[in-house]
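Undergrad:
In my numbering, the protein residues as written are 347 to 567.
#1: Going by beta-carbon coordinates alone, are residue 298 and residue 475 separated by less than 7 Å?
#2: For residue 431, which residues in the same chain have their Cβ closer than 6 Å to its Cβ, ignoring the five residues on either side in sequence?
#3: Rank 437, 397 and 512 by C-alpha distance to the C-alpha of residue 456 and give the top, closest one.
#4: Could you tell me if residue 551 is buried or exposed, where buried requires 16 or more neighbouring beta carbons within 10 angstroms of its beta carbon?
#5: Whose CA, out of 501, 426, 509 and 374, lies closest to the CA of residue 472?
#6: Checking the sheet assignment: what are the DSSP bridge partners for residue 546?
#7: Flag this pair as touching only if the stretch 491-511 and the stretch 389-403 have three or more C-beta atom pairs under 8 Å; answer yes or no.
#8: With a cut-off of 8 Å on the beta carbons, I'd call residue 410 and residue 546 a contact; round off their distance for me.
#9: From residue 556 to residue 549, what distance separates their C-alpha atoms?
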């Protein structure tokens, strides 16, 4: 009788290599990342403007996605945001204000649209607030920090770290704009540039991660 060979030991699962994330001081030494200028940013506050934005966005299969809310400074104060929603393609960004009911309805339709990836960072709170304010659950949302985690980056990744890792550039964010009043009916140019580029940079990161970046730079047209 032939003896059976000893059972093979199961191989341990391959470990994902851990990649370092540049810190704040390292990022500060990098050259600035390019930004969308105001000529490529549209403020959307009426249903008619929202219809035009919807038509332009329809051609893309992925959008950069973010929201902004008026900051709260009093303990226990609950935000009634988001006050704006930003969506971006590779060559344009739209900043939707949510004061008008018709504009809110069109934004809700865009976010509920299936088959279009909405890519961004730190979208957990954003989606919860959108569900509360707009009454829809955004579809096909991609949290980019999760993608970096899957690829071996242990530290939480925001847009600054992602741009540094993928493009070796420093993404500029204005602290003054970040903490400004996003519920104002009149947004400043600094607010528009800040909001639009948060969404646009997220889309650039998405395309770089998936190897679908265009052969020519979108701002070189």
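All residues carry an ideal CB built from backbone N, CA and C; glycine is no exception. Predicted model only: the values in this text are computed from it and were never measured.
TA: If we stick to the structure as given:
#1: As displayed, the chain neither begins before 347 nor continues past 567, which places residue 298 out of reach and without an answer.
#2: 413, 442 and 453
#3: 397
#4: It is buried - the Cβ of residue 551 has at least 16 other Cβ atoms within 10 Å.
#5: 426
#6: For residue 546, which the question treats as bridged, DSSP gives no partner whatsoever.
#7: no
#8: 5 Å
#9: 11 Å
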